[in-house]
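For reference, the structure discussed in these notes is given below.
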Amino acid sequence: MTPILKVGILSIQGDIEENSNAIKESFEELEIEGTIIYMKDLRDLDEIDGLIIPGGESTVIGMLLFLQGVQTDLLRKKIQDGLPILGTCAGLIMLSNRAYDKTIGETRQELLKVLDVTIERNAFGRQHESFESELDIPYLGERRFNGVFIRGPAITEIGNNVEIIAKYNNKIVAVRQNNILGTSFHPELANDNRFHTNLTKLMVEYNKSKKRT
Amino acid sequence: MAISLIPANIKMKGQKVSTEGGNKVVKGSILVKRGFAHMQKHGVIMDVTNVEQAQIAEEAGAVAVMVLDKLPYDVRKAGGVARTAGVKTIQDIMNAVSIPIMAKCRIGHYSEAKMLETCGVDMIDESEVLTPADEENHIWKWEFTTPFVNGAKNLGEALRRIEEGASMIRTKGEPGTGNVAEAVNHIKKMNKEIRLVKAAYLDNDYQEIIKLAREYKVSMEVALEVGRLGRLPIVNFAAGGITTPADASFLMKLGCDGVFVGSGIFKSEDPSSRAKAIVLATTFYDNEKEVLEAQKMVDEKKSLIGLDTKNLDLRMQERGPSV
């Protein structure tokens, strides 16, 4: 029997429903039974097989997430121990080690520091510079992927364990570090669920390994 | 589809196609403009008039700030003509905070809006808080690369603004009064009208849908989209008179995607803790204990006293073109 997967969506602020739609469609495509837990806090952390941190404002998501105190350390530990996670835009910033803003410099914001990258926020400019462009992403297959960048960040430095999975104009815009996926753009807006499908596949593996231990 | 792309086939001068480093790049598309509004969801957008207030707002957890020359309460007191904020104020705030910056322009004032776009604000609010510049027409917003937010009192107004290119709607409420009653009124009216369209759609009653579309003075296409989605095709925030955390929670419960707070924060005597409390109550709107905790952070004796919406000299919600 296929397992019932539980995916958490961090539901503090941002495009929660769009990620929810994308992951539901991924479950259908893979014919997996899955449920979604909308998490405004971290009390269901032990339940989930994977987590999505949506797009939104990273300062807001960070401020409200870190009200959870020690729970955030548990989340960090879970991710380090292999919990599959997808962070898009603000979600990528939340996962990173360090972030600074293109205009105002160092942002004194709280980060999970599980993904060994440095982020430049608003790296492509303000909203009127926001754009869509087709990206080559071999990790997803041959068909190009519509990258929707909304005041998007870019990755300026990466650690040894980090694999670059997409670049745009020589800027790193998607990475993978084992169980962690991060994108500068919004796959949940692309009408193409391949990132969410890959996350689901990682969740299936994680769920199996959880049962073994 | 993650984001509604209706109305389709609109001629959009605001959409810019170019090539950068061998890649085809599209700016100002419906997806990119509406997408920006989607990123604001479940958040609080705060009215500010200077850098200090913008920093307080950012620290308190605002998703964006709206820059004005005067807060709506002061616009009422000052009388005269209310115009867009000073360019220097906007630029100083842009250089001081990392969250998005919005600014208001007068209804129909194309050049104020173009100036704001060129200045680089992230979203333009074509707002009845300022004195309307055109009593006949709103701005044709498809000509802009920058997304717009518009006010609406009912479904018809909301859909007409969407057909003109708005990427986000907010209830009009009655700004600067500290009284949430009109915002409640407007969102309830909108919800009721959406239910009518949705019911007709579920019954495949196209005759009824076109009748409703005519009543609302909108196209069949957008009416059908409302029926299909059972909601507005774009993000809808509450605005007008929100003063306390409980106000924010109430409007979220009525189905708003987020809230704007105008005078409620910076015309109170406890702006910093109140701003944070309203953010908490917006995120945890359906958790009574959290809303109570948020409400404890504000002192009712320090709230904006406010105005009775029945006896106002100026009803901002009635200003501007009627269609």
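Same order as they appear, the protein sequences are chains X and C. Going by the working numbering, the first residue of the first sequence is number 1, and it counts up by one from there. Going by the working numbering, the first residue of the second sequence is number 1001, and it counts up by one from there. Yeah, the Cβ is synthetic: ideal placement off N, Cα and C, and Gly gets one too. Being a predicted model, the structure only gives us computed values, none of them experimental.
Would residue i pass as an interface residue toward chain X - the criterion being a Cβ-Cβ separation below 8 Å?
i       : result
I1003/C : yes
H1042/C : yes
H1109/C : no
K1024/C : yes
M1046/C : no
N977/C  : The structure shown has nothing for residue 977/C, since chain C only spans 1001 to 1323.
F1284/C : yes
D1203/C : no
S1098/C : yes
F1250/C : no
N1095/C : yes
From residue i to residue j, what does the alpha carbon distance come to, in whole angstroms?
i       : j       : result
V1180/C : G1264/C : 10 Å
E205/X  : S20/X   : 20 Å
I1056/C : D1270/C : 11 Å
N170/X  : F124/X  : 12 Å
V1279/C : V1026/C : 34 Å
L1292/C : E1208/C : 44 Å
R44/X   : N97/X   : The amino acid at residue 44/X is misidentified as Arg; the sequence shows Asp. Looking at the two C-alpha atoms, the distance is approximately 25 Å.
I1090/C : F1237/C : 23 Å
P990/C  : D1047/C : Since the first residue of chain C shown is 1001 and the last is 1323, residue 990/C is not available in this structure.
L111/X  : E1136/C : 49 Å
L1212/C : L1159/C : 12 Å
K1011/C : G1165/C : 11 Å
L1196/C : V1235/C : 20 Å
L189/X  : L1031/C : 8 Å
T1243/C : E1020/C : 46 Å
K1302/C : L140/X  : 55 Å
T88/X   : G1240/C : 32 Å
N214/X  : N178/X  : No answer is possible for residue 214/X: the residues shown for chain X start at 1 and end at 213.
E1300/C : L64/X   : 24 Å
P1360/C : D46/X   : Any answer about residue 1360/C is impossible in this case: the structure gives chain C only from 1001 up to 1323.
In the DSSP assignment, find the alpha helix (DSSP H) that holds residue i and state where it starts and stops.
i       : result
T1089/C : 1087-1094
E1059/C : 1051-1060
I36/X   : Looking at the DSSP string, I36/X is not in any alpha helix (DSSP H); the run it does join, the beta strand (DSSP E), is 34-39.
A1248/C : 1245-1253
F1266/C : 1263-1266
D1074/C : 1072-1078
With distances taken from CA atoms, which of the options is nearest residue i?
i       : options                            : result
E31/X   : F195/X, A90/X, I4/X                : I4/X
A1275/C : G1022/C, V1065/C, G1120/C, G1165/C : V1065/C
R1228/C : K1077/C, G1320/C, N1204/C          : N1204/C
I1006/C : V1259/C, M1252/C, I1187/C, I1162/C : I1162/C
E1288/C : D1308/C, G1061/C, F1250/C, D1257/C : F1250/C
R1106/C : R1195/C, F1148/C, A1133/C          : A1133/C
F1266/C : F1284/C, Y1285/C, T1282/C, L1304/C : L1304/C
D1069/C : A1060/C, M1115/C, T1244/C, V1087/C : V1087/C
V1044/C : G82/X, I61/X, R143/X               : I61/X
H1138/C : K1172/C, E1128/C, I1093/C          : E1128/C
F145/X  : I85/X, F195/X, G14/X, E129/X       : F195/X
Q71/X   : L42/X, G91/X, I53/X                : L42/X
K1104/C : N1311/C, G1262/C, P1233/C          : G1262/C
C1256/C : G1035/C, K1172/C, K1302/C, K1296/C : K1172/C
T103/X  : G91/X, Q109/X, N122/X              : N122/X
K1024/C : T35/X, D136/X, E25/X               : D136/X
If you drop the 5 nearest sequence neighbours on each side, which residues of the same chain put their C-beta closer than 6 Å to that of residue i?
i       : result
Q1015/C : G1028, S1029
G8/X    : I37, M39, I48, L51
S133/X  : G147
I1099/C : E1058, A1064
Is residue i close to chain C? Criterion is C-beta to C-beta, closer than 8 Å.
i      : result
F185/X : no
F27/X  : no
T72/X  : no
A22/X  : yes
T35/X  : no
Y168/X : yes
L189/X : yes
H196/X : no
D15/X  : yes
N97/X  : no
Might you give, ordered along the chain, the residues of its own chain that have their beta carbon closer than 7 Å to the beta carbon of residue i, omitting 5 neighbours on each side?
i      : result
E157/X : V117, T118
V114/X : R76, I79, Q80, L95, I180
K969/C : Residue 969/C lies beyond the stretch modelled for chain C, which goes from 1001 to 1323, so this question has no answer here.
Along the beta strand (DSSP E) that carries residue i, what are the first and last residues, could you check?
i       : result
M1123/C : 1123-1127
K1285/C : Looking at the sequence itself, residue 1285/C is Tyr, so the reference to Lys does not match. It is not in any beta strand (DSSP E) - Y1285/C carries neither H nor E in the DSSP assignment.
F149/X  : 145-149
Y168/X  : 163-168
E157/X  : 154-158
Mind listing the chain D neighbours of residue i? Cutoff is C-beta to C-beta under 7 Å, in chain order.
i       : result
S1029/C : Here chain D cannot be found, since the structure's protein chains are X and C.
With a CB to CB cut of under 8 Å and the five nearest residues on each side skipped, what residues in its chain are close to residue i?
i       : result
G1156/C : E1193, E1215, Y1216, K1217, V1218
T1084/C : D1069, A1103, K1104, C1105, R1106, H1109, E1112, M1115, L1116, L1130
V1298/C : T1244, P1245, S1268, D1270, S1273, R1274, A1277
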